[in-house]
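There are 2 protein chains.
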Amino acid sequence: MLSVALGKVNSSVVFRLGVLGAMATDLFAARIEAHELKPKHVGLMVVLDAGRASSQLEIAGVMGVAPSLVVALADRLQKLGAIERVRDPADRRRQVLTLTEHGRELLAVCEELAQSADAEFAADLTAAESAVLTGLLDRLAARQGLPSASNDPK
Amino acid sequence: MLSVALGKVNSSVVFRLGVLGAMATDLFAARIEAHELKPKHVGLMVVLDAGRASSQLEIAGVMGVAPSLVVALADRLQKLGAIERVRDPADRRRQVLTLTEHGRELLAVCEELAQSADAEFAADLTAAESAVLTGLLDRLAARQGLPSASNDPK
DNA sequence: TCAAATCATTCAATGCATGAATGATTCGCA
DNA sequence: TGCGAATCATTCATGCATTGAATGATTTGA
Numbered sequence: 001m002l003s004v005a006l007g008k009v010n011s012s013v014v015f016r017l018g019v020l021g022a023m024a025t026d027l028f029a030a031r032i033e034a035h036e037l038k039p040k041h042v043g044l045m046v047v048l049d050a051g052r053a054s055s056q057l058e059i060a061g062v063m064g065v066a067p068s069l070v071v072a073l074a075d076r077l078q079k080l081g082a083i084e085r086v087r088d089p090a091d092r093r094r095q096v097l098t099l100t101e102h103g104r105e106l107l108a109v110c111e112e113l114a115q116s117a118d119a120e121f122a123a124d125l126t127a128a129e130s131a132v133l134t135g136l137l138d139r140l141a142a143r144q145g146l147p148s149a150s151n152d153p154k
Numbered sequence: 155m156l157s158v159a160l161g162k163v164n165s166s167v168v169f170r171l172g173v174l175g176a177m178a179t180d181l182f183a184a185r186i187e188a189h190e191l192k193p194k195h196v197g198l199m200v201v202l203d204a205g206r207a208s209s210q211l212e213i214a215g216v217m218g219v220a221p222s223l224v225v226a227l228a229d230r231l232q233k234l235g236a237i238e239r240v241r242d243p244a245d246r247r248r249q250v251l252t253l254t255e256h257g258r259e260l261l262a263v264c265e266e267l268a269q270s271a272d273a274e275f276a277a278d279l280t281a282a283e284s285a286v287l288t289g290l291l292d293r294l295a296a297r298q299g300l301p302s303a304s305n306d307p308k
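For the record, the sequence lines run as chains A and B. Heads up: the first sequence at position 58 corresponds to 58 in the numbering used here, and the numbers run straight through without jumps. Heads up: the second sequence at position 3 corresponds to 157 in the numbering used here, and the numbers run straight through without jumps.
Encoded structure:
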C-alpha cells in the first residue's frame, strides 16, 4: 500500500467524479460547439431518443432542471430543425417533443464526437478498463433514474 | 448481449461522466453548504494540502480557473480562518497560501461528509467495485494533471 | 536605471439556471 | 353543467459563478 498522502476528500468518488465530470463536459462542449449545441441540448435529445419522456415537464423531471430551461433548450433544437413540437390532442396544455430525421442525424454526429472525445479523455485506459468504467457509470446512472444504456426502451 | 437501444452518446464515458459529475457535485455541495463552503473551496484546500501549489497563480493553473476566481475563493477561506495569506518575502508580488490548523480540521470534516455522500451515491456498488471505480477515476485524474491520491507529494 | 514582464486584485460583463407571474387548458366536484 | 383549483408551457426578472480587461505593486533584464 504505497498510496499515502492525500486526504479522503480527494479519493472520494463524489468529489473526484465532480471534478472529472466538469472537465469531461468542457471537452465534450468544445467538440459540439460548431453545431451550435451545448451538452444539455444533447442531453435532451438523448432523453427523447430513449423514449423516456415526451412532454416538457416530464423531460424537466428526467433531466433534473427547471421546466423553463427545457423551453429554452427546445427552442434552440426546434430552430435547428432537430425536434418537432406538437400540442397533445388529448391534452392541449402539453407540448409533445419528438426527434426529427435531422435530429437523429445530429444525434449520430454527436455520438461520433463523444467517442472521439472519449479516445482523448480516456487514452490511458485499456479497452477492457474503459468497458469496466462504462459499466460502473451505467450502474450509478441507473440508480439516479437516468436513461440507462442497458435498458431497452422499446 | 442484451443491451441494445440507446445511441453511443449515452454510453460515452465523457458524456456520462459529465452528467453524473454534475449530480455528484450537487450532492456534495448540499453536504458542505452548512459550513459556508462550495466544492471549489474544498478543491482549493485539497490543492494546498497536496502541496501542489502555493502562489495563487499556480493554484489557478492546477484548478483550471481564472486567477481572479482564486482571489474570491481565497477571500472566503481566509475569512473562515481556514487559510493564511502571506506575501512571499523572496518575491513580494506572490501571495503564499497555507492551510491553518483550523483549515486542516475543516478539510477533515469535508472528508467525512464526502464519504457519507459516497455511501449514498454509490450505494449500489460493492466495496470492491467502488475501489475499482476510484482507481480508474484516479488514473484519469492523474492524466489531467490533478493532484492524485496515489501520488505522495512529500 | 528604466522598460517590460509578472502577480494579485478590482470591476464590469457574460451566460446559465432558477423561481415567480401569466395565460391557456383540463379536472374535480357540487 | 358550471366553476374554482390544479396543471402545463411560457415569459420575465433575478441570482450566481466565472471570465477577461484594467489597475497597481513588484521584480527582472538589458
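Backbone N, C-alpha and C fix where the C-beta goes; we use that ideal spot for every residue, glycine too.
| Query | Result |
| --- | --- |
| Alpha-carbon to alpha-carbon, Asp-75 of chain A and Glu-281 of chain B | Sequence inspection shows Ala at residue 281 of chain B; the Glu mentioned does not correspond to that position. Their backbone Cα atoms lie some 44 angstroms apart in a straight line. |
| Contact belief for Ala-268 of chain B with Phe-28 of chain A at Cβ below 8 angstroms, rounded distance in angstroms | The Cβ separation is near 25 angstroms, so there is no contact. |
| Contact residues within the region 164–176 of chain B, judged by C-beta distance below 7 angstroms to chain A | Asn-164, Ser-165, Ser-166, Val-167, Val-168, Phe-169, Arg-170, Leu-171, Gly-172, Val-173, Leu-174, Gly-175 and Ala-176 |
| Spatial distance of Leu-309 of chain B from Gly-61 of chain A (CA atoms) | No statement about residue 309 of chain B is possible, as the shown extent of chain B runs from 155 to 308 and does not include it. |
| Residue-level contact to chain B via CB, Asp-182 of chain A, 7 angstroms cutoff | Since the first and last residues shown for chain A are 1 and 154, residue 182 of chain A lies out of range. |
| Leu-107 of chain A, buried or exposed, once every other Cβ within 10 Å from all chains shown has been counted against 16 | buried |
| Thr-179 of chain B - DSSP class collapsed to helix/strand/coil | helix |
| Range covered by the beta strand (DSSP E) that runs through Thr-98 of chain A | 95–99 |
| With 16 other Cβ atoms within 10 Å as the buried cut-off, status of Leu-97 of chain A | buried |
| Straight-line gap, Asn-10 of chain A to Gln-249 of chain B (C-alpha atoms, nearest Å) | 24 angstroms |
| Whether Val-47 of chain A touches Ile-32 of chain A by CB criterion (7 angstroms) | no |
| Pair within 7 angstroms by beta-carbon distance, Leu-57 of chain A and Ile-83 of chain A | no |
| Proximity of Leu-20 of chain A and Leu-287 of chain B at Cβ, strictly below 7 angstroms | no |
| Cβ shell of Gly-289 of chain B (< 8 angstroms), same chain only, five flanking positions each side left out | none |
| Neighbouring residues, chain B, relative to Ser-130 of chain A (Cβ below 7 angstroms) | Val-167 |
| Alpha-carbon spacing of Ser-68 of chain A relative to Ser-130 of chain A, whole angstroms | 36 angstroms |
| For Val-240 of chain B, the residue or residues it bridges with in DSSP | B:Val-250 |
| Through-space distance from Arg-93 of chain A to Ala-220 of chain B, alpha-carbon basis | 45 angstroms |
| Integer Cβ distance of Glu-36 of chain A from Leu-80 of chain A, believed to fall under 8 angstroms | 6 angstroms |
| Extent of the continuous alpha helix (DSSP H) to which His-41 of chain A belongs | 39–49 |
| Proximal chain B residues relative to Val-70 of chain A, where beta-carbon distance stays under 8 angstroms | Simply none; closest approach about 16 angstroms. |
| Simplified DSSP assignment, three categories, for Asp-272 of chain B | helix |
| Contacts that Asp-278 of chain B makes with chain A (C-beta to C-beta distance below 9 angstroms) | Arg-139, Leu-140, Ala-142 and Arg-143 |
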